[in-house]
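Worksheet: one structure, shown below.
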Amino acid sequence: MNGALSTATIVAALVLAVWYLVRTALDRAPDPIDLIAAVVLGVLTAVLVVVAVAGLFDGARPADTGTFAGYLVTTAGLVPTAVILAKMEPTRWGNLILGVGCLVLPVLVLRLQQIASVTVA
Amino acid sequence: MPEKTPSETTVRPADAALGSGIGRVLLLVYGVFALSASARALVQITTHFSEAPLAYLLSAFAGLIYITATVGLARGGPTGRRTALISCTIELIGVLVIGTLSVVDSGDFPDATVWSNFGSGYGYVPLVLPFVGLWWIWRHKPAS
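Protein chains in written order, with our numbering: chain A, 2 to 122; chain B, 718 to 861.
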């Protein structure tokens, strides 16, 4: 797992989570800027996942490769799913959907790092 | 998409779908738990089932309940509402019973299901979720 990229993803997700929760509290529906910010986070996550997949082919594999792959798929799919649901929900709750997604993402990335740290040669 | 004003976004029609508004937020959270609980059970059952068969079957059961609740919320209507109501109730009983058993008798329950220790491994979200779910379904009673 790429440490710097993981940290950047986690920090970006947490900052955005605060932003979306404030937007929810202010009773605002997601506007284009909210959605674009989520898409940017999704792209950052996609880069992280691609780098992690590439890492599977050179170097030590996680001992629990199956679980690692499962978490990679979930991580890749989470933000796009949240964006689609948020676009279907043009109310304050749309922003809460994005906020929840941004709170779940750091957990997934931390779990990926934990699983990746136990390797087999 | 123009910015909605607060007055536009807070008024919720009585016949709005179960899976919209807060329901759509619940849909995402239930979806995440449906996936993580089932995936966890799948890994447990396929790799080391003999270690704790009961706990792993409970894992699979929990996954199934989350999937049913997600589908019920997404479908909506009388059937979807009933499905969600039943699965959220089972979920509440499950987290309370398994949570209590795992605290009282930790030997039989290694930290192996989403409901162990009242879901402490998942930030206690599994404990809070059925209450929020039931509240939402209750609030969404059919008008008649």
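In this text, a Cβ means the ideal position worked out from N, Cα and C, and glycines have one as well. All values reported here derive from a predicted model rather than from experimental measurement.
Endpoints, the alpha helix (DSSP H) within which residue i is located
i, result
"residue 87 (chain A)", "66–89"
"residue 808 (chain B)", "794–821"
"residue 55 (chain A)", "33–58"
"residue 749 (chain B)", "739–765"
"residue 24 (chain A)", "4–26"
"residue 847 (chain B)", "842–856"
Candidates the options: closest to residue i by CA position
i, options, result
"residue 99 (chain A)", "A:109, A:4 and A:39", "A:39"
"residue 832 (chain B)", "B:741, B:782, B:765 and B:744", "B:782"
"residue 13 (chain A)", "A:104, A:117 and A:116", "A:104"
"residue 33 (chain A)", "A:74, A:120 and A:91", "A:91"
"residue 118 (chain A)", "A:63, A:54, A:19 and A:16", "A:63"
"residue 113 (chain A)", "A:56, A:42, A:22 and A:21", "A:56"
"residue 107 (chain A)", "B:840, B:845, B:834 and B:811", "B:840"
"residue 778 (chain B)", "B:812, B:765, B:793 and B:745", "B:812"
"residue 734 (chain B)", "B:838, B:794, B:760 and B:800", "B:794"
"residue 2 (chain A)", "A:89, A:54, A:82 and A:67", "A:54"
"residue 852 (chain B)", "B:759, B:821, B:815 and B:798", "B:798"
"residue 815 (chain B)", "B:765, B:771, B:759 and B:784", "B:771"
"residue 72 (chain A)", "B:834, B:753, B:785 and B:758", "B:753"
"residue 68 (chain A)", "B:784, B:757 and B:807", "B:757"
"residue 6 (chain A)", "A:42, A:89, A:88 and A:19", "A:42"
C-beta contact flag for residue i and residue j at 7 Å
i, j, result
"residue 738 (chain B)", "residue 790 (chain B)", "no"
"residue 95 (chain A)", "residue 30 (chain A)", "yes"
"residue 65 (chain A)", "residue 11 (chain A)", "no"
"residue 120 (chain A)", "residue 70 (chain A)", "no"
"residue 46 (chain A)", "residue 74 (chain A)", "no"
"residue 796 (chain B)", "residue 751 (chain B)", "no"
"residue 843 (chain B)", "residue 836 (chain B)", "yes"
"residue 77 (chain A)", "residue 110 (chain A)", "no"
"residue 775 (chain B)", "residue 817 (chain B)", "no"
"residue 755 (chain B)", "residue 780 (chain B)", "yes"
"residue 745 (chain B)", "residue 86 (chain A)", "yes"
"residue 802 (chain B)", "residue 854 (chain B)", "yes"
"residue 740 (chain B)", "residue 805 (chain B)", "no"
"residue 97 (chain A)", "residue 749 (chain B)", "no"
"residue 93 (chain A)", "residue 35 (chain A)", "no"
"residue 761 (chain B)", "residue 773 (chain B)", "yes"
Beta-ladder partner(s) of residue i, from DSSP
i, result
"residue 63 (chain A)", "A:120"
7 Å Cβ cutoff, residue i in contact with chain C
i, result
"residue 99 (chain A)", "Any reference to chain C falls outside this structure, whose protein chains are A and B."
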